[in-house]
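To keep things clear, I will list the structure first and then write my remarks on it.
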Ligand code: SAM
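This is the structure in structure tokens:
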């Protein structure tokens, strides 16, 4: 019989987000803005590609089916397509996708596609060049749009992820949504989480935005079919090629449907983004024990992480993790 990872609340965990680096090429103001002191792990503390593959293999034996490569900025880690290939080749893995800021996407796409990447989420909060620079610290909107355009041209499924900063206008959201008018991509809005510099910034709720959108786009309705392996709920607008998604990350309303575990770049399994609980796997990977023993211990570590998964995220009620770039957003 196939082994599965089931947490104490009956959720089957099948989705692993892997942070491949804590380094990032941007300084987004809700994550680790310029001026914020950020401690970077020494490179020897970061898992190697072979270690990440081994950890993912152990997960796949327990029913992990979907992997997302993230960071930090995954494309800032040299040889990232090689890692995608190592992960896509694991028996039982059906998708390997990536979350990226898109800066280096265009150049990396041929190698990523060849390696077996199945989809890309590009973080993009605005289509206004000056606002983009204000949020990210870099005048690089053009590069991000080039990456998105190329991914679509090559037929890779694309989602745009925009953080709901309170000081951005509704027009900002309408402009992003307009990308889905003629192109088959999903534009998704994520609530600001009290992590990193996001602790001190005001966000807008998905509920409030949805209300505004329903008025602005008559006929906008929830999608009937379940889309994607993640927590977003999707809407369609008549005549639009793409879809709109909402990720109410701060209010935790999707926790009952959460199927995720996270593997940090430092080699720890995290049961939930909102909690600092971790199960160390680097220790096992570097124990010098034979492969069979390591696999057995790794599987035990996954089961422990599943047991530690809280029923509900704990944003607001406990000290929050330092920064998304460290855990893997
Ligand atoms: N560098 C990659 C990128 O930009 O997509 C992957 C890592 S980044 C930490 C992943 C996502 O987390 C991005 O979409 C970013 O906007 C989001 N993020 C970072 N801090 C956040 C916060 N406090 N609240 C909500 N989303 C946040």
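Residue numbers (my numbering): -2 to 326. All C-beta atoms in this analysis are idealised placements derived from N, C-alpha and C, irrespective of residue type, glycine included.
*asked:* Out of 1, 72, 252 and 49, which one is the CA nearest neighbour of residue 62?
replied: 1
*Could you tell me the distance, in whole angstroms, from the CA atom of residue 316 to the CA atom of residue 179?*
Low confidence applies to residue 316: its pLDDT is 49, below 50, so where it sits in the model is not reliable, and the reading given next is rough at best. Each residue's Cα considered, the two are about 43 Å apart.
_In the DSSP assignment, the beta strand (DSSP E) including residue 259 goes from what residue to what residue?_
257 to 260
_DSSP three-state label for residue 117, please._
strand
*Quick one, which of 138, 125, 135 and 82 has its alpha-carbon nearest residue 112's?*
82
*In the structure shown, what three-state DSSP assignment does residue 316 receive?*
Unreliable positioning characterises residue 316 in this predicted model, as indicated by a pLDDT of 49, which lies under 50. The coordinate reading is nonetheless provided below. Note: residue 316 maps to coil in three-state DSSP.
*Could you give the C-beta distance for residue 48 and residue 264, rounded to a whole number, given that I count them as a contact under 8 Å?*
7 Å
*Buried or exposed: where does residue 136 fall if 16 or more other Cβ atoms within 10 Å of its Cβ makes it buried?*
exposed
*At a cut-off of 7 Å, is residue 192 close to the ligand SAM when judged by its beta-carbon and the heavy atoms of the ligand?*
yes
*Do you know offhand how far residue 199's Cα is from residue 161's?*
9 Å
*Work out the CA separation of residue 280 and residue 15 for me, nearest whole Å.*
17 Å
*Would you check whether the ligand SAM has a heavy atom nearer than 7 Å to the C-beta of residue 21?*
yes
*asked:* Using a Cβ-Cβ cutoff of less than 7 Å, which residues in the same chain neighbour residue 360 once the five nearest sequence positions on both sides are dropped?
replied: A query on residue 360 cannot be resolved here, the shown segment of the chain reaching from -2 to 326 and no further.
*Is the segment 42 to 61 touching the segment 145 to 154, taking contact as three or more C-beta pairs under 8 Å?*
no
_Reference residue 201, options 229, 159 and 105, closest by Cα_ = 159
*State the DSSP-derived secondary structure class of residue 14, mapped to helix, strand or coil.*
strand
*State the DSSP-derived secondary structure class of residue 158, mapped to helix, strand or coil.*
strand
*Could you pull the start and end residues of the beta strand (DSSP E) that residue 95 belongs to?*
92 to 97
*Compute the Euclidean distance between the alpha carbons of residue 79 and residue 57, then round it to the nearest angstrom.*
19 Å
_Taking the straight line between their C-alpha atoms, what separation do you get for residue 293 and residue 274?_
21 Å
_7 Å Cβ shell around residue 284 - same chain, five flanking residues per side excluded_ = 291
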